[in-house]
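Residue numbers (this note's numbering): 401 to 666.
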């Protein structure tokens with residue numbers, strides 16, 4: 401495990417917090433100034449530039465894209481960063497889905513936090529769940545999170561969770577839709593056309609030591625159909641937490657089929 405505080409100190413970001421009256425853009429600019437003061441500015445210092453890049457990537461993967469509910473950062477990223485030429489070839493989108501699926505499936509009934517890249521779930525909910533939606537301020541901004549002005553609440557997370565659950569329970573199922581490509585034709589989305597042959601099968605998405613099934617037969621819902629609404633009396637989850645220890649699975653022993661699929665670049 402890599403300590404979050406020690407890593408932030410190495411990046412020059414230890415203690416950097418957004419002030420109460422500070423806009424997000426101003427905070428990001430101020431934090432970038434801290435990091436630039438710490439990073440090597442000498443273009444000829446290749447060794448330090450390489451080290452700074454690796455430190456940033458560990459922070460980016462461990463505390464942004466693939467966050468956990470604790471402060472630690474798993475050392476599984478270190479092996480991948482040993483050869484930086486591999487980083488650009490990794491399927492980070494599929495890895496993000498695998499990590500998100502795995503973390504969501506281990507939540508307990510009263511949790512108010514979630515691992516993974518929270519803006520991914522947040523923006524998805526803004527688009528496809530007309531419930532507690534933020535205010536859209538710029539429909540063309542990129543990245544997508546910049547298109548919305550989030551609602552700010554002073555209520556506790558537990559109270560907000562209770563309210564959200566009550567609203568979700570009473571929400572009409574047919575209003576939950578997933579139509580990201582509704583206004584596009586086949587010419588605008590060749591990746592969907594080429595993938596239609598896979599819609600009736602399941603594949604595996606991989607994130608280093610995590611492997612999760614991706615049910616592509618459900619992907620037809622992205623073409624305009626309503627999603628299925630699964631009514632469960634109790635929330636899913638294992639009902640317990642693991643503290644101070646990252647989840648690690650020996651896939652070669654427990655799931656040889658999935659491990660072979662990963663080695664075949666499935």
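Note that the Cβ used here is the ideal one computed from N, Cα and C, for glycine as well.
{"Query": "Through-space distance from residue 472 to residue 644, alpha-carbon basis", "Result": "Legend: pLDDT at residue 644 = 42, less than 50; position of this residue unreliable, value from coordinates given subsequently. About 8 Å."}
{"Query": "Local conformation of residue 554 per DSSP, three classes", "Result": "coil"}
{"Query": "Length of the line joining the Cα atoms of residue 534 and residue 528", "Result": "12 Å"}
{"Query": "Distance CB(residue 413)-CB(residue 426) smaller than 8 Å", "Result": "no"}
{"Query": "Between the CA atoms of residue 447 and residue 637 - distance to the nearest angstrom", "Result": "Low local confidence applies: a pLDDT of 38 at residue 637 is under 50, so the model's placement there is unreliable, and no value is given."}
{"Query": "DSSP-derived helix/strand/coil call for residue 535", "Result": "strand"}
{"Query": "Cβ-Cβ separation, residue 551 to residue 517 (assumed contact under 8 Å), whole Å", "Result": "Wrong, their Cβ atoms sit about 20 Å apart, outside the cutoff."}
{"Query": "Exposure label - residue 526; buried when at least 16 CB within 10 Å", "Result": "buried"}
{"Query": "Beta-carbon contacts of residue 454 that lie in its chain and below 7 Å, excluding the five residues immediately before and after", "Result": "481"}
{"Query": "Residue burial classification, residue 635 (beta-carbon count within 10 angstroms, cutoff 16)", "Result": "Note that residue 635 has pLDDT 38, beneath the 50 cutoff, so the model's placement of it is unreliable and no number is given."}
{"Query": "Where residue 487 sits in the DSSP three-state scheme", "Result": "helix"}
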